[in-house]
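J.:
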Amino acid sequence: MPLKQPTLAPPPATYRAPWWVWLGLVLLHILALGWQLYHRQPLFPDSDRYLEAARNLRDAGLLYARPLTERPLHPPEYSIRPPGYPVFLLLTGALPQALPILTLVLQNLLSLLNLGLALRWLARRAGGVKSAWQWAVVLLLAATMPAQYIYANVLMSETLLQTAVVGLWLTLEAFLSAPHRGCYYLAGAAGAAALALLLKPVFFPFALVLLGVGGWAAWQQRRPLLTLLGAVPLAVALLWMVRNEARTGYFHFSSIAEINLLHYNVRGVLQATEGLAAADAFVDSTEAAVSRQPSFRQGQLLLRRRSLAKLRQYPGTYAAQHARGMINLLLDPGRFDVVYFLSLPEKAGGGLLQQANQGGYSAVLGAVRRLPLALLGGLLLVAAGNLLRLALLLRFACSSRYPWVQRLVLVGLVGYVALLTGPLGAARFAVPVLPLLLAGAGLVAGAWRQETR
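Just so we're on the same page, my numbering is the position in the sequence shown counted from 1, plus 90.
(1) Please look up how many angstroms separate the CB atoms of F296 and A286, rounded, as I've assumed it's under 8 Å.
(2) Compare the Cα-Cα distances from A464 to each of N476, L482, L432 and L483 and report the closest residue.
(3) Looking at M235 and G475, is the spacing between their C-beta atoms short of 9 Å?
(4) Mark G358 as exposed unless 16 or more other C-beta atoms lie within 10 angstroms of its C-beta, in which case mark it buried.
(5) Using C-beta distances below 8 Å, list every residue in its chain close to P493, excluding the 5 sequence neighbours before and after it, in chain order.
(6) Just the Cα atoms here: how many angstroms apart are P157 and A362?
(7) Quick check on DSSP: helix, strand or coil for K290?
(8) I need the DSSP call for S344, collapsed to helix, strand or coil.
(9) By a C-beta neighbour count over all protein chains shown, 10 Å radius and 16 as the cutoff for buried, is R395 buried or exposed?
(10) On the DSSP letters alone, give me the boundaries of the alpha helix (DSSP H) that N243 sits inside.
(11) Consult DSSP for M235 and reduce its assignment to one of helix, strand or coil.
(12) Compute the Euclidean distance between the alpha carbons of E263 and P384, then round it to the nearest angstrom.
(13) Grab me the residues of P166's own chain with a C-beta within less than 6 Å of its C-beta, minus the 5 sequence neighbours each way, in chain order.
(14) Nearest to W110 by CA position, among A222, G257, P291 and R337, is which residue?
(15) Would you list, in sequence order, the uninterrupted alpha helix (DSSP H) runs of no fewer than 4 residues that lie entirely inside the segment 104-171?
(16) Should E348 be labelled buried (16 or more other beta-carbon atoms within 10 Å of its own) or exposed?
(17) What residue does the alpha helix (DSSP H) around S201 start on, and which one ends it?
(18) Assign D427 to one of two classes, buried (16 or more other C-beta atoms within 10 Å of its C-beta) or exposed (fewer than that).
(19) Applying the criterion that 16 or more other CB atoms from any shown protein chain within 10 Å of the CB defines a buried residue, is E160 buried or exposed?
(20) Pick helix, strand or coil for E364, following the three-state DSSP scheme.
(21) Could you name the residues of the same chain whose beta carbon sits closer than 6 Å to that of P102, not counting the 5 residues immediately before and after it, in chain order?
(22) DSSP three-state label for T187, please.
(23) Identify whether T182 lies in helix, strand or coil by the three-state DSSP scheme.
(24) Would you tell me roughly how many angstroms separate the C-alpha atoms of Y275 and A321, rounded to the nearest one?
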């Protein structure tokens with residue numbers, strides 16, 4: 091009787107990323123931080139308002155995003171920036187330093203934490219990663235996300251918001267996976283959502299989403315406490331709106347909503363339908379009409395009425411621009427971010443978003459062809475990584491081999507950010523969900539490799 095041949099046990103699964111993946115991520119952060127420390131230019135175009143708000147909060151106890159010495163004071167500046175990032179700047183000593191090293195170091199550590207949590211999720215959800223090839227793909231995908239490293243090294247709120255979004259993703263998934271024993275997870279999700287909306291107004295509507303989740307779970311389990319936990323972000327948002335009404339006389343969350351509505355949504359639609367001159371004329375006439383109103387509240391309501399009426403004249407054009415913005419958010423290689431961070435001369439004749447609104451993707455391609463070859467090559471590599479991440483994410487969303495909770499939360503959060511950003515879609519606004527994109531794409535890449543063997 092022949093002897094039975096012994097079978098070799100498969101190599102043990104690992105539930106953490108290999109050392110060389112971590113080495114690659116750390117080196118990418120060190121390179122970006124080193125560039126910043128050498129060139130000492132941590133300010134992006136929107137950084138000044140964060141810094142001014144932090145300075146006024148320190149000196150006068152007032153969150154106002156312009157110098158208080160300017161008169162008259164403008165009501166939109168009381169609410170254009172939520173308090174989260176100015177408070178972070180104060181706590182990390184960003185004022186009055188020309189180069190706030192502690193703030194930048196902390197942002198880099200938060201960026202590494204966010205990516206590390208995504209890698210941990212990836213390893214565990216894959217049932218244990220056995221393939222170095224999969225980790226190599228993950229590292230390649232991470233290396234083609236320059237916005238991750240750029241925004242960790244400038245005074246902008248994206249990295250801190252990313253931390254809140256990663257926390258929201260993991261706690262919300264944990265709660266929905268086991269709602270009967272996930273009270274603490276819902277509390278964590280509520281805290282993360284509250285922090286997110288205090289950092290960026292885009293997460294203000296998410297307070298209603300979490301309220302719905304808490305109410306549904308409370309009804310299923312007959313536990314009213316879950317409704318109260320789900321209502322925490324909404325309560326925080328309402329308190330901030332009460333503060334804004336006390337300052338401006340207008341009950342609202344952030345003045346950036348009306349600013350974006352007129353200067354980006356309506357302006358972009360009019361550029362595409364009536365031309366640049368007509369768009370400028372409408373914006374100017376609307377601002378003039380708003381300035382003649384007796385109160386800030388009446389002015390904002392007028393702005394909203396006029397803007398929405400104009401959008402209703404071109405619903406198809408607006409829908410197309412909104413959809414294109416959502417695609418741009420996931421595919422934009424971030425020319426603006428790279429050019430600004432590296433202090434390169436701009437040679438494309440205006441932003442690509444403006445080019446897209448005026449002439450569509452053909453105008454964008456024409457502008458891209460005028461870029462320096464080295465920059466063009468780098469952006470094409472990033473665009474390829476973006477396209478691969480998006481393709482793998484769509485495969486993840488449609489694959490029944492993954493639990494519906496995993497797909498709902500991860501893809502839902504990415505879709506929420508893309509939907510709420512709309513026509514403004516660009517690489518910068520995808521930063522909060524980059525770890526989610528990396529995790530979903532990496533999971534599918536490993537499964538695909540195993541299926542094709």
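Using N, Cα and C, we set each Cβ at its ideal position, and we do this for glycine too.
T.: So, from the data block:
(1) Residue mapping note: residue 296 aligns to position 206 of the sequence shown, counting from 1. Residue mapping note: residue 286 aligns to position 196 of the sequence shown, counting from 1. That belief holds up - the Cβ atoms of F296 and A286 are roughly 7 Å apart, short of 8 Å.
(2) Position 374 of the sequence shown, counted from the start, is the residue given in the question as residue 464. Considering only alpha carbons, the answer is L432.
(3) Start at 1 with the first residue of the sequence shown, and residue 475 comes out as number 385. Start at 1 with the first residue of the sequence shown, and residue 235 comes out as number 145. Cβ atoms of G475 and M235: closer than 9 Å.
(4) Along the sequence shown, read from residue 1 onward, the residue named residue 358 stands at position 268. Burial call: buried.
(5) Working through the sequence shown from its first residue, we reach residue 493 at position 403. Excluding positions up to five away in sequence, the list reads S267.
(6) Against the sequence shown, residue 157 aligns to sequence position 67. Against the sequence shown, residue 362 aligns to sequence position 272. Taking the straight line joining both Cα atoms gives about 36 Å.
(7) Locating residue 290 in the sequence shown gives position 200, counting from the first residue. K290: coil per DSSP, three-state reduction.
(8) Residue mapping note: residue 344 aligns to position 254 of the sequence shown, counting from 1. Correct three-state label for S344: coil.
(9) Indexing the sequence shown from 1 puts residue 395 at position 305. Exposed.
(10) Looking up residue 243 in the sequence shown gives position 153. Where N243 is concerned, there is no enclosing alpha helix (DSSP H), given that its DSSP letter is neither H nor E.
(11) As a first step, residue 235 must be located in the sequence shown, where it is residue number 145. Three-state result, M235: coil.
(12) Within the sequence shown, residue 263 is the residue found at index 173, counting from 1. Within the sequence shown, residue 384 is the residue found at index 294, counting from 1. If I take the Cα positions, the gap works out to 48 Å.
(13) As a first step, residue 166 is located in the sequence shown; it is residue number 76 there, counting from the start. Result list for P166: S345, in chain order.
(14) Within the sequence shown, the letter at position 20 stands for residue 110. Residue A222 is the option with its Cα nearest to W110.
(15) 109-129 and 137-150
(16) Locating residue 348 in the sequence shown gives position 258, counting from the first residue. That one is buried.
(17) Here residue 201 corresponds to residue number 111 of the sequence shown, with the count starting at 1. That run of the alpha helix (DSSP H) goes I191 to R215.
(18) Locating residue 427 in the sequence shown gives position 337, where the first residue counts as 1. Classification for D427: buried.
(19) Stepping through the sequence shown from its first residue, residue 160 is reached at position 70. Classification for E160: exposed.
(20) Locating residue 364 in the sequence shown gives position 274, where the first residue counts as 1. The answer is coil: DSSP assigns E364 none of H, G, I, E or B.
(21) Locating residue 102 in the sequence shown gives position 12, counting from the first residue. At P102 the pLDDT is 47, less than 50, meaning the model places this residue with poor confidence; the figure from the coordinates comes in the next sentence. Taken in chain order, the list of residues that qualify is empty.
(22) The residue labelled residue 187 in the question sits at position 97 within the sequence shown. Here residue 187 turns out to be Gln, not Thr, going by the sequence shown. Residue state, collapsed to three classes: coil.
(23) Locating residue 182 in the sequence shown gives position 92, counting from the first residue. DSSP places T182 in coil when its eight states are reduced to three.
(24) Residue numbering aside, residue 275 sits at position 185 when the sequence shown is read from its first letter. Residue numbering aside, residue 321 sits at position 231 when the sequence shown is read from its first letter. Cα to Cα, Y275 sits roughly 14 Å from A321.
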